[in-house]
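Taking my numbering, I'd label the letters of the sequence shown as residues 32 to 90. Here a beta-carbon is modelled for each residue, glycine too, at the ideal position from N, C-alpha and C. Here the structure is a predicted model, which is why all the values come from computation and not from measurement.
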Amino acid sequence: EAVKKFVMDNKVKYKWLAGVQIIETIPKTASGKILRRDLRTLAKGMKPDPKVREAVSKL
């Protein structure tokens with residue numbers, strides 16, 4: 032909640048976060064780089080926030 036408030040106070044509306052998920056540890060390589068592929072896998076397995084709507088393009 033504090034993260035959302037910080038972003039809302041310091042960023043313009045179109046840059047606000049759609050949602051925040053807290054995880055125990057960030058997957059990293061032995062050299063300390065973040066494993067983005069593993070983060071995507073974790074994100075797919077997480078339950079989405081029901082209050083967040085997905086963007087729909089009006090073409």
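Cα-Cα separation between residue i and residue j, rounded to whole angstroms
i: Arg67; j: Lys75; result: 12 Å
i: Tyr45; j: Val38; result: 11 Å
i: Val43; j: Lys59; result: 31 Å
i: Met77; j: Glu32; result: 18 Å
i: Asn41; j: Glu55; result: 26 Å
i: Ala15; j: Val51; result: Residue 15 cannot be examined here, being either before or after the span of the chain that is shown, 32 to 90.
One or two residues paired with residue i in a DSSP bridge
i: Lys59; result: Ile65
Range of the contiguous alpha helix (DSSP H) that encloses residue i
i: Val34; result: 33-41
Inter-residue CB distance, residue i and residue j (contact presumed, cutoff 8 Å)
i: Leu48; j: Lys35; result: 6 Å
i: Ile65; j: Ile57; result: 6 Å
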